[in-house]
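Report on one structure; see the data block that follows.
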Amino acid sequence: MRALTVASRTSERQAPSRLHSGMAAAVLLACCALLLVAAPIAVARTSHPGHSQQGGDPSQTPPVAAPAAPAPVTAPVPAPVPVAPQPTQAEGGGRHGAGRESPAGSPRQRHAGARQQAAAQATTTAGQGTAAADQSTSSQPQVATEQGPGTSSASPDSALGSQTTRKEERERRNKEARERHKEETTRRKEAKKGGHTGESGQPGEEGSSSPEQVAEDTQGVSALATPPPSSPVATIASSSSSQVPVAASTPSVAGVSQQAVDGQRTRAARRPRASRAPDRAAKARVLTAAAAALAAPVRTLRTTAHTGPVRGIGGGSRVTKKPTKSSPLVTTITKIVGVVPTPIRILIAALAALALALAVRSRFSAARARRLERQRGQLLEDVGLLQAALLPVAPERLGPVGTSAAYKPADGPGAGGDFYDVFALEDGQLAVIVGDVSGHGRHALPHTALLRFTLRAYLEAGLSPRDAVQTAGAVLDRQLGGQFATVVAATYNPRERLLVYACAGHPAPVVLGARPDAGAIEPVTASSSPPIGVGMRTGIRQTTVSVPGRAQVCFYTDGVTEARVGTELFGAERLRGTLAELGTGASAVAVLDSVVERADAHPDDMAACLLRVEGGEDPPELILEELELDRDSAGSRRTERFLLACGVERDELAEVIHAARAAAGRDGTAVLECNHAQVAPHVTLRREHLRYLHVPQTEVEVSR
Amino acid sequence: MLRQVDTTDRPPAGAARFDIAREDLDERTCVIAVGGDLDLSSAPQLKWMLLDALEEGHGRLVLDLSRATFMDSTALGVMIGVNRSLSLGARLAIAGARHNVLNIFELSGMDGAFAMFGTLEEALAYVRGDAAEDR
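Going down the list, the protein sequences come from chains H and G.
Each residue of the first sequence is one higher than the one before, starting from 1 at the first, in this note's numbering.
Each residue of the second sequence is one higher than the one before, starting from 1001 at the first, in this note's numbering.
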């Protein structure tokens, strides 16, 4: 029962924690589901730009970032001077003459001869760089740094030495170009090792290819010219993320021209891709820009506007470092996150928070359940210890008498209102106490303990059972807090084979001889002692039984006899039958088990103590019934009933009662002893000299 | 133990066969009649019936047990408690208890604690102060 209770309560307590973890799991699942729903959308929306960007994102940046440092030094100085006038012209030419094989009208290009195309490309790029700044912005650092030193020397040359040293110049430039080319190719190779050149997920990647593309075919220009509808967005996004200003494109254009020539062939493979899908590229720029804007802290356009080209390039290089650290997974997630609509993102965040809260709560409640379980185990252990203290383990044998005791509470673990004790006295006798405090369960515990130890102390002090009960009744009458208790105290003297017991509102023990049919003794219940704690004088009755032969003496509480069998009570008669059935091997536990088995219900606590007296076939003899009288009770009907129950003839009653009243009137108390073991009961009246340990009731007078 | 748990689900044996009624004879006298089993389940009803009557100023209480078939120690405890809580001048008498109920009083030694009468008339006469207590 106890174990069952523990188990059930445990499961009850653990249920909420399981619920919480279940809820947390459900919420997490919901989050995952939402992400799964959102991810395909994101992938679908980013698939095209992702194709062109993914390679470039993490890998292309390193070469850009590293050489970006020298760029600011070289780029600003020469570029504005020669190229600055051209953009306007080139822009117009670039755009209008996009369809033609346009040899632009710049003097430099005429001298360049074979590199006219490259020059045209440069100018076009310059124009375009201003027009669609965003596309070239992020590519500028790379281009500028790669070609920086070359352009710084080349552009002034082309502007100045046009007529005098044209040949020398041409040769020198060829040489330089070859060297650059070599450098360029090696760098490209290095760059390709890490991926492709270009910018990481920035629209600038398209920009980096755009100048070359323009030089290669006019379609490229148109491709780059088409983005304008989307370019504002891209501009904002790219500038906000990379901080490269529009102006920054201008100085680097000079370098671009050179680079365009040199890296023309090497990059040829990549061009068509970008040119084929300009719209996609534009879209990709928007998306990636949005993603970058979400992923990175937003930088305002203000800084871009105010900072010069130098700063701009520096800023660009700074920003491009960032994606370098992020892994493809992070980038992908960033992209997905970027595409997820805001409401869904809020929903996911809320769900995630909920899941987290539930998980935390489940963890807490699980810990609490464990703690409570520990405490409960501890408490049960304590209760068990207390119960063991209140319900002692009876010794199996005390001298020649076999003893046993058992207890069955009506509900729950622990001791209730019933109590018992079996112990040896100093003079070789043994003592038994069985009692029942009104009320049940734990509330009765303090009183049961008080009563048991009080009675035990009096018995061990040498008082007879009646004296012990009477004294305890006088002492404890007001200490039971309105409750009352029934008790039976008994001693057994093995030498004289005498059992003495005194009851206070308690059923008398069943004394069963070797032959139950022969020696059934009906206890005299008339004029019984009232319970302890009802404000009445108790301990007025005592019974002495001689047990010459084998016998069983069963002390019990009324929970046993008040167990229900159908609509009837279990009763003392059934208890006698049970004892007879169990025979000599009976124990208190067996008796109670048998009662439980035979009864339909036992609503009260049950306790039993069993003494097994060895011996022959002689039946027990009821020797003596004692009744203590006082002045009030001596002449009462109760005394009459007592005498009649003891077998005193009616015609003798008047005489006996008259003597008793006289004795009680004289001494305050008198004791009627009625030995009805014989056929003719023998009644004696003796003066009682009780030595009270405590006399709260004034009507009791100590005899003279 | 399991048996006991099972039986708690159905009404206890005595519960179905218990009834209690109160009749106020005058402003101070009232008779409470109990039928059936007075046990663990019905004892609380008896307790509150008695206490309510006392609270309402009925100082002359007669408990008619002539139809009571059984009484256990819990019901006895209720009567003991009420008997002890009687204020000065208030009286409680028990009338018409049958043999087995009388046995409980006798066995517990409480037959001397209550004013017990064979008939309702005797009990009423006692609580009204007309008759001597029948001990």
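A virtual CB, placed ideally from N, CA and C, is assigned to each residue, including glycine.
Going by beta carbons, valine 432 of chain H and alanine 485 of chain H fall outside the 8 Å limit.
With a cut-off of 8 Å on Cβ pairs, the region 521-528 of chain H is not in contact with the region 486-499 of chain H, counting fewer than three such pairs.
Ranked by Cα distance from glutamate 617 of chain H, the first of H/Gln552, H/Thr557, H/Asp667 is H/Gln552. The Cβ atoms of cysteine 609 of chain H and alanine 468 of chain H do not sit closer than 8 Å to each other.
Per DSSP, the unbroken beta strand (DSSP E) holding glutamate 626 of chain H starts and ends at 621-630. In the three-state DSSP reduction, histidine 682 of chain H falls in the strand class (E or B).
Of the residues H/Pro548, H/Leu592, H/Val434, H/His447, the one whose Cα lies closest to the Cα of tyrosine 501 of chain H is H/Val434.
Straight through space, the alpha carbons of alanine 406 of chain H and valine 596 of chain H are spaced by roughly 13 Å. Rounded to whole angstroms, valine 340 of chain H and alanine 369 of chain H show a C-alpha spacing of 40 Å. Within the model, the alpha-carbon separation for leucine 582 of chain H versus alanine 504 of chain H is close to 28 Å.
For aspartate 1019 of chain G, none of the residues of chain H pass the 7 Å Cβ criterion, the least Cβ distance being about 16 Å. Here the region 645-661 of chain H does not lie against the region 598-612 of chain H, with fewer than 3 beta-carbon pairs under 8 Å apart. Excluding five sequence positions before and after serine 1073 of chain G, the CB atoms of its chain that fall closer than 8 Å to its own CB belong to Ile1104, Ser1108, given in chain order.
Per DSSP, the unbroken beta strand (DSSP E) holding glutamate 673 of chain H starts and ends at 669-675. The beta-carbon of glycine 481 of chain H is placed no less than 8 Å from the nearest beta-carbon of chain G.
Counting only Cβ-Cβ distances below 7 Å, alanine 1113 of chain G has contacts in chain H at Pro530, Val534, Met536, in chain order. Taking 8 Å as the CB threshold, methionine 1116 of chain G stays off the interface with chain H.
For methionine 606 of chain H, the enclosing beta strand (DSSP E) begins and ends at 606-613.
Between serine 587 of chain H and serine 404 of chain H, the gap from beta carbon to beta carbon is short of 8 Å.
In this structure, leucine 480 of chain H places its C-beta atom within 8 Å of the C-beta atom of glycine 533 of chain H. For cysteine 503 of chain H, the pairing in a beta bridge is given by DSSP as H/Val488. In this structure, leucine 1124 of chain G keeps its C-beta atom at 8 Å or more from the C-beta atom of valine 1101 of chain G. In this structure, the CA atom of serine 362 of chain H is about 11 Å from the CA atom of alanine 25 of chain H. Shown here, valine 434 of chain H sits in a strand according to DSSP, grouped into three states. For aspartate 600 of chain H and glycine 566 of chain H, the gap between their C-alpha atoms comes out near 6 Å. In the same chain as isoleucine 1032 of chain G, and ignoring 5 residues on each side of it, the C-beta atoms closer than 6 Å to its own belong to Arg1022, Met1049, Leu1063, in chain order.
Between the region 624-638 of chain H and the region 417-425 of chain H there are fewer than three inter-stretch CB-CB distances shorter than 8 Å, so the stretches are not counted as touching.
Shown here for leucine 1046 of chain G: same chain residues with a beta carbon closer than 7 Å to its own, the five before and five after excluded, namely Ile1020, Val1034, Leu1038, Ala1075, Val1078 in chain order. Fewer than three Cβ pairs drawn from the region 1087-1100 of chain G and the region 506-514 of chain H lie within less than 8 Å of each other, which leaves the two stretches out of contact.
Against methionine 1110 of chain G, the close residues of chain H are Gly505, Ser528, Pro530, Pro531, Val534, Met536, in the order they occur along the chain (beta-carbon pairs closer than 9 Å). Residue pairing by DSSP puts serine 546 of chain H in a beta bridge opposite H/Leu498, H/Glu621.
Think of a sphere of 8 Å around the beta carbon of threonine 525 of chain H: the chain G residues whose beta carbon falls inside it are Asn1103, Glu1106, Leu1107, in chain order. With respect to the C-alpha of leucine 430 of chain H, the residue from H/Glu396, H/Pro531, H/Arg637, H/Ala444 having the closest C-alpha is H/Glu396.
Annotation: valine 337 of chain H to alanine 359 of chain H spans about 24 Å, alpha carbon to alpha carbon. Separation of the CB atoms of arginine 1098 of chain G and alanine 1053 of chain G is rounded to 23 Å, and the pair is thereby denied contact status at 8 Å.
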